[in-house]
Structure formats: C-alpha cells, structure tokens
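Residue numbers (mature numbering (1 follows the signal peptide of the UniProt record, and there is no 0)): -25 to -1, 1 to 241.
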C-alpha cells in the first residue's frame, strides 16, 4: 500500500529536525542561551534562511537528545513514503520545499493553507454568538484578537504583565482564554474588551473589526493569520512556534515580535 506522509508543521521545521547532526557538528547543541550566544548565526540548515540560535526550537536545549530520539522513528518512516505533504504553501517556504523535492526523489506537495473554509455568508443577527455581535459594534480594524494557544501558555508573571499592558493601552480586544477565563475577566474588568473561553478563530480573524492578532504562532494559527491578512504580534513559547515567529517577522514581514525579559528560570 503506498504511504503518504503528512507533516503537520512547517517544511522549515522538518528540515531543522532532520539536520540535528549539523547542529552538533557546529557546536550548537545543546543551545547555551546567553546574550552573546543567542545572536550567533546558524546558516547551514538546508532549505532555511540564516537564523540566530535564539530562533531554534527548545528541543535543541538541554533535553533535546531525549525528545529527538522519541521522534526519530517517525522520521525514519519518511524514507518509505511515496509522497510528502506539507500544510504550508510553496510561496511561503520555497527553499525548504525545493530542498525536500531534490533530496527525497519522490513528489513533495505544499497544499496549504490547510485550514477550514470559512462560511462568511452567515447572517449577523441575534442568533450569532455574543462575541460576533460584539465585534459587529466595533469600528473597522480596531480590535486586537488575543490567543495564546490550547496548551502551554504564559507564566503567571508574564500574564500579569500582558494584562497590565492591555489595560493601560486602552485597546479594544477579544481575548480567548481556554483556561482561567473567570480570573482573566476579573483582572480586565472595566477595560475595553471581552474575554471568551472559545471562539471560531478564523471567523474572528476575518471580521472587519479585527485589526491585529496576538498569537503564540502555532502553525495552524499562523496560517489562519496569513489567510486573514491581519498583522500579527508574535509571542511564541515552545517547539515550532519559535521558528514560525521568526518567519512571520523576518521573512514574510507581516508581524512584530513581542520581546520578553529573561528570568533565571528561562
């Protein structure tokens, strides 16, 4: 039976993982995070533009070997495939897609963005979700949509800083919080936005009132942000989010990085 391999992250991320040995050979594994080291250039990963050490996923820090070994069987299966599919688009990652096309010797397809087709024809009436009704009342491009993903999120100290910044900015916002919704609502009481536990993200991003997207840069969210044409504020945490954020800011130039101060635990 022919095997089709679907890689659900970016083509660039797959190339980084498959060239783990190059990082070791250049003395860049494990990553030693410091102000001087963070800016060292990594320019030898096939299919990728030069990047800094700080742009490498956290798998290449201290626990990298253990994590990489757990995924290695998946990478070994790639050689048995007849096709490789990425959820990305060729125009977003031409170098990476070209690399895999030349290296693997079988068809490689970038079929993205693999996102739900939005039904934007729905009528806007009282049957709409409360957050859509709220967006309908806001000026064009005035709302910052904030989503930090479904899994790992900001630390408590980081959340306090983010909440303070959002409050003091006075910006209109729609914040989706998949945990601690009531606590966040209380912290933002009296501010210029709303907090919800869930929303149809693609529909929100395509709404005329939304003018910015605060994102953790999971690849699905990144593709939805690109599809909607909304500029992004990137605040990645782990895994491919860090590399995705780099591409959003430096290669596709559709976002800005939110810098964070390092603590002793980071």
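The C-beta atom is built at its ideal place from N, Cα and C for all residues, glycine as well.
From the DSSP output, in three-state form, read off residue i for me.
i: residue 109; result: helix
i: residue 226; result: helix
i: residue 184; result: coil
i: residue 171; result: strand
i: residue 153; result: coil
i: residue 134; result: helix
i: residue 54; result: helix
i: residue -18; result: coil
i: residue 196; result: helix
i: residue 118; result: strand
i: residue 177; result: helix
i: residue 205; result: coil
i: residue 61; result: strand
i: residue 210; result: coil
i: residue 81; result: coil
Could you check if residue i is buried or exposed, using at least 16 other CB atoms within 10 Å of its CB as the buried criterion?
i: residue 234; result: exposed
i: residue -25; result: exposed
i: residue 178; result: buried
i: residue 231; result: exposed
i: residue 102; result: exposed
i: residue 139; result: exposed
i: residue 86; result: exposed
i: residue 182; result: buried
i: residue 166; result: buried
i: residue 188; result: buried
i: residue 136; result: exposed
i: residue 240; result: For residue 240, the predicted model reports a pLDDT of 45, less than 50, meaning its position is unreliable and no value from the coordinates is stated.
i: residue 221; result: buried
Report the option in the options whose CA atom is closest to the CA atom of residue i.
i: residue -10; options: -23, 28, 15 and -20; result: 28
i: residue 212; options: 136, 198 and 193; result: 193
i: residue 152; options: 143, 145, 163 and -5; result: 163
i: residue 227; options: 201, 216 and 12; result: 201
i: residue -23; options: 56, 16, 26 and 13; result: 56
i: residue -18; options: 225, 223 and 216; result: 216
i: residue 52; options: 20, 26, 14 and -8; result: -8
i: residue 106; options: 67, 132, 137 and 176; result: 176
i: residue 124; options: 15, -3 and 174; result: 174
i: residue 172; options: 78, 134, 210 and 121; result: 121
i: residue 62; options: 142, 108, -6 and 83; result: 83
i: residue 144; options: 168, 132 and 131; result: 168
i: residue -21; options: 47, 59 and 77; result: 59
Using a Cβ-Cβ cut-off of 7 angstroms (strictly less than) and excluding sequence neighbours within five positions of residue i, which residues of its own chain qualify?
i: residue 170; result: 150, 152, 156, 159, 160 and 163
i: residue 118; result: 110, 147, 148, 149, 184, 185 and 186
i: residue 207; result: 188, 190, 200, 223, 229 and 230
Can you find the residues in the same chain that come closer than 6 angstroms, C-beta to C-beta, to residue i, ignoring five residues on each side of it along the sequence?
i: residue 243; result: Because the chain is modelled from -25 through 241, residue 243 falls outside the range shown and cannot be assessed.
i: residue 22; result: -11, 70, 71 and 74
Who are the Cβ neighbours of residue i in its own chain at under 8 angstroms, not counting the five residues just before and after it?
i: residue 218; result: -16, -14, -13, -10, 26, 30, 31 and 32
i: residue 13; result: 27, 28 and 29
i: residue 199; result: 88, 90, 176, 177 and 180
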